[in-house]
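Participant: Protein sequence lines correspond, in order, to chains A and B. Just so you know, we're using our numbering here: the first sequence kicks off at 1 and counts up by one. Just so you know, we're using our numbering here: the second sequence kicks off at 1001 and counts up by one.
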Amino acid sequence: MTAPSPAQFDEMLAPDGSVRDAYTDYQRWLSEQDTGWMRRKGAEAETFFRRTGITFNVYGDDDGEERLIPFDMVPRILTGGEWRRLSRGIEQRVSALNALMHDLYHRQEIVRSGRLPERLFRDNKAWLPEMVGFTPPGGVYTHIVGIDLVRTGPEEFLVLEDNARTPSGVSYMLENRETMMAMFPELFSRVKVQPVSNYPRMLAKSLAACAPKGSPERPTVAVLTPGIYNSAYFEHAFLADQMGAELVEGSDLRVVDGRVQMRTTQGFQPIDVLYRRVDDDFLDPLTFNPTSVLGVPGIMDVYRAGRITIANAPGTGVADDKAIYSFMPEIVEFYTGEKPLLGNVQTWRCADPESLRYVLEHLAELVVKEVHGSGGYGMLIGPAASKRELEAFRAKLTANPANYIAQPTLALSTVPIFTQQGLAPRHVDLRPFVLVSPEGIEITPGGLTRVALKKGSLVVNSSQGGGTKDSWVLDD
Amino acid sequence: MLGRVANGIFWMYRYLERAENTARLLAAGHRMSLTRGPDAAREEWRSVLTTLGLLQRYKAHHEGFNGAQVCDFVLRGKANEQNVLSMFERARLNARTCRSAITLEVWEAVNEGWMTLRDMLARPVREASLGGALAAIRRESTLARGATHGSMMRNEIYSFARAGTFIERADNTARILDVKYYLLLPSLAYVGTALDTAQWDNVLRSLSGERAYRWLNAGRMNARSIADFVILDERFPRSLAFCYGSLRENLAALALLHGREGAAHELMRSADQQLTGMSIEEIFDLGLHQFLGQFIIRNQAVATAISEQYRFIG
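1. For a quick check, are the C-beta atoms of residue 145(A) and residue 332(A) less than 8 Å apart?
2. Using DSSP's beta-bridge definition, name the partner residues of residue 1206(B).
3. Cβ closer than 7 Å: which chain B residues qualify as neighbours of residue 248(A)?
4. Could you tell me which whole beta strand (DSSP E) segments of length 3 or greater appear in the segment 199–250 of chain A?
5. How about the segment 1013–1026 of chain B and the segment 1159–1167 of chain B: do they share at least three Cβ pairs that are nearer than 8 Å?
6. For residue 172(A) and residue 468(A), I'd like the C-alpha separation in whole angstroms.
7. Note down, in chain order, every chain B residue with its Cβ under 7 Å from the Cβ of residue 266(A).
8. What are the boundary residues of the alpha helix (DSSP H) that residue 1034(B) is part of?
9. Going straight from the alpha carbon of residue 361(A) to that of residue 402(A), what length do you get?
10. Which stretch, first to last residue, makes up the beta strand (DSSP E) that contains residue 127(A)?
11. Does the beta-carbon of residue 106(A) have 16 or more other beta-carbons within 10 angstroms, so that it is buried, or is it exposed?
12. What separation, rounded to the nearest whole angstrom, lies between the Cα atoms of residue 155(A) and residue 474(A)?
13. Residues of chain A with CB closer than 9 Å to the CB of residue 1225(B), please, in chain order.
14. State the Cα-Cα distance for the pair residue 1003(B) and residue 1148(B), rounded to the nearest angstrom.
15. At 3 residues or longer, what runs of the beta strand (DSSP E) sit wholly inside the segment 152–191 of chain A?
16. With a threshold of 8 Å between beta carbons, is residue 252(A) in contact with chain B?
17. Got a sec? Which residues, its chain only, sit under 8 Å from residue 344(A) by beta carbon, not counting five neighbours each side?
18. Give a yes or no on whether the minimum CB-CB distance between residue 208(A) and chain B is below 8 Å.
19. Considering only their Cβ atoms, is the gap separating residue 317(A) from residue 165(A) smaller than 8 Å?
20. Leaving out the 5 sequence neighbours to the left and right, which residues in its chain are closer than 6 Å to residue 462(A) when beta-carbon positions are compared?
21. According to DSSP, is residue 121(A) helix, strand or coil?
22. Which residues, in order along the segment 234–247 of chain A, keep a beta-carbon less than 7 Å from a beta-carbon of chain B?
23. What residues of chain A sit near residue 1210(B), judged by a beta carbon separation below 7 Å?
24. Do you know offhand how far residue 167(A)'s Cα is from residue 288(A)'s?
25. For residue 144(A), which residues does DSSP report across the bridge?
26. Who are residue 469(A)'s beta bridge partners in DSSP?
27. Please return the same chain residues whose Cβ sits closer than 7 Å to the Cβ of residue 1031(B), not counting the five positions on each side in sequence.
28. Taking 8 Å as the CB-CB limit, is residue 61(A) close to chain B?
29. Starting from the C-beta of residue 87(A), find all residues in its chain whose C-beta is less than 7 Å away, skip the five residues before and the five after it, and write them out in chain order.
30. Where residue 1265(B) and residue 1243(B) are concerned, what is the direct C-alpha to C-alpha distance, given to the nearest angstrom?
31. So, are the CB atoms of residue 1322(B) and residue 1312(B) less than 8 Å apart?
32. Taking C-beta pairs closer than 7 Å, name the residues in chain B that residue 262(A) reaches, listed in chain order.
33. Since residue 1174(B) and residue 1292(B) should fall inside the 8 Å C-beta cutoff, what is the C-beta to C-beta distance between them, to a whole number of angstroms?
34. For residue 185(A), count neighbouring Cβ atoms within 10 angstroms of its own Cβ and tell me buried if that reaches 16, exposed if not.
35. Ignore the nearest five residues each way along the sequence and tell me which others in residue 1065(B)'s own chain have a CB closer than 7 Å to its CB.
36. Pull the bridge partners of residue 262(A) from the DSSP assignment, please.
Here's what the structure looks like:
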């Protein structure tokens, strides 16, 4: 196999070529397998995904063709100990995020204490004045959170991004495991891996626990999807199916008698909890974007009357903001009273003139992102950019500095992928999925590992040529 | 269940059924064209297009009625948005839209069926592979139906699936019989000749009923007994009586579940009575063409009433 470069941390192999603890059992199994057979297995995986229909649509593609996210069959493995440390940090961070949302929409203690400038969220499009003074059922804002982590060393896990809006990808976490178990059943009898298949049940339970007061014992939960042309439609249908919830579109819903109700074959029936996979802006044409046909006219009134739970709560997108992100260490400390267990990636806020000067001087070494951007769009990776790209970006940055943050180009950890030439190291990140309800915070062991399939590439987004891996937490 | 999803399921099974019946019709036509002279073959292909309601559209784009051209038009013709490939495409689209209402088995059957046909019909089908292609269409539809039978709960969703299947099948059977019978009218004078027998054999083949009919009638072929078989025999799964028996069952299940009947039940009962309350003699006295024409209209009215009663559309 190609040796990993010593400059970056490889999760499987130490610089001396020895196999790290997490991968010992896997490596032993792998060394017994025939290479030709493994290669055939790779092709099998693709057929499997096509058949089950795990595809995503790429925005901006006219033919709306359904594509597969490439799947790599070498698992990404964490030891039980690594995971325990990580999950404590994640839990701390998520509970701080939820507390932050409540505070921002109520007394704003954090602003009064001088630790967070008010303009940071006031200028944010995701900030919703409609939410001020309102407490969602159970006090939960961020029902489902995805925390994007990167690793730079044996103990160094850093948060790259908090996804408090509508994190996607959990269906890949689940299907990747199913695929691996179907392809290599004997591997799972050799290596004990913590299961992930509980997620849909936990999600259903967690959402039900957030139902408004006065809901029936078994509340009606529905998943709101923008429809089959949405890039994550597969996931919406998958989760509804796995939870035993209705999969609804805006056209199925209407406000009747002060409740949000769905049109069934027997008339309108009320919904208690709506897991919406539609952005805030499209949720209610009466309150937000008036041209939206994806949402439900009047749902915000029902919501504010406490007669439906919307997950995640409208207005939580504020927490996704990359400028807020740069304050997360202070935020965690402010609400939990503890030192943050998970670090942030060093971040320069370009709104700050001194930082901007630094960023402009070191543009070729940095990663620059839009404050409200996501999906890897609109970002600059300095070391990979051409002179012309750098100059173009410099102009954008100077014109609107507050729209950008910059981070150092990290030496992301690598995990091997299976190539025609054997194993080769590629950069990865990790998105664990976290559920929040009044009953507590639950984290599924592992999460979704995204991997940059191109050699040397640091961009793991599926929309930009990234793939995924099954992510294991060892049951040790 | 959601009205939109009920609609999606109902039509998904209608498209699957229609694709299958279209393939059967083409297979019978193909066989006919091989065993008869070019004039008869031309008439045969023309009647296939008439049955499918595609004659005008076909003539707007093509000259003449040769088999390869007609089959291509029906299976994958760009100018024909009702082509078999697009039926499967729509069935799959509905399956995706209603993904959480069907089992993984059903989804895989429909999805794989669509993938198979998409590859198979990517280019014009050569005559040598026509038989295989038509068999594949029937097979894919059969697999979806089998997966439905073997894996779906007997609930509301299933009732809409079955209602869609039998509304469509009854319509297709009635159309096939109607057109073939019309075509056969001039030859009624030649009852008993070899040619005539081949024609009637073809009607039965279009409905996959030739074997069952032979067993029941020990080789005798005549218009009356074939019409009796195709319209009234409750044992034959493509007969109108069978379709309405199943429709009755599935609408009754919905009424039981919902605690009430509606306009669809009334219309279904009246169509059912018009059908099973008549003997084949009475049907012929009325005129088969007229009888079938009325049946098709009544059947359509039942479908419309189902979609209204169960709030298919907002």
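All C-beta atoms, glycine included, are put in the ideal place defined by N, C-alpha and C. Predicted, not measured: the structure shown is a model, and the values here were computed from it.
Facilitator: With the given structure in hand:
1. no
2. The partner list for residue 1206(B) (beta bridge, DSSP) is empty, contrary to what the question assumes.
3. 1002
4. 221–224 and 246–248
5. yes
6. 8 Å
7. 1258
8. Element bounds for residue 1034(B): 1003–1035.
9. Annotation: residue 361(A) to residue 402(A) spans about 17 Å, alpha carbon to alpha carbon.
10. From DSSP, residue 127(A) is part of no beta strand (DSSP E); its letter is neither H nor E.
11. exposed
12. 17 Å
13. None at all; the shortest Cβ gap to chain A is about 41 Å.
14. 20 Å
15. 157–163
16. yes
17. 158, 159, 325, 326, 328 and 329
18. Chain B contact via Cβ: absent.
19. yes
20. 69
21. Looking at residue 121(A) - three-state DSSP - the assignment turns out to be helix.
22. 237, 240, 241, 246 and 247
23. Here the premise fails: no neighbours, minimum Cβ distance about 35 Å.
24. 21 Å
25. 435(A)
26. 72(A) and 449(A)
27. Excluding sequence neighbours, residue 1031(B) sits near 1205.
28. Bear in mind that the predicted position of residue 61(A) carries a pLDDT of just 42, short of 50, making it too unreliable to give a figure here.
29. Answer for residue 87(A): 443, listed in chain order.
30. 15 Å
31. Because chain B spans 1001 through 1314 in this model, residue 1322(B) falls outside it and cannot be assessed.
32. Chain B residues near residue 262(A): 1002.
33. 5 Å
34. exposed
35. 1042, 1045 and 1046
36. Answer by DSSP bridge pairing, in chain order: 253(A) and 269(A).
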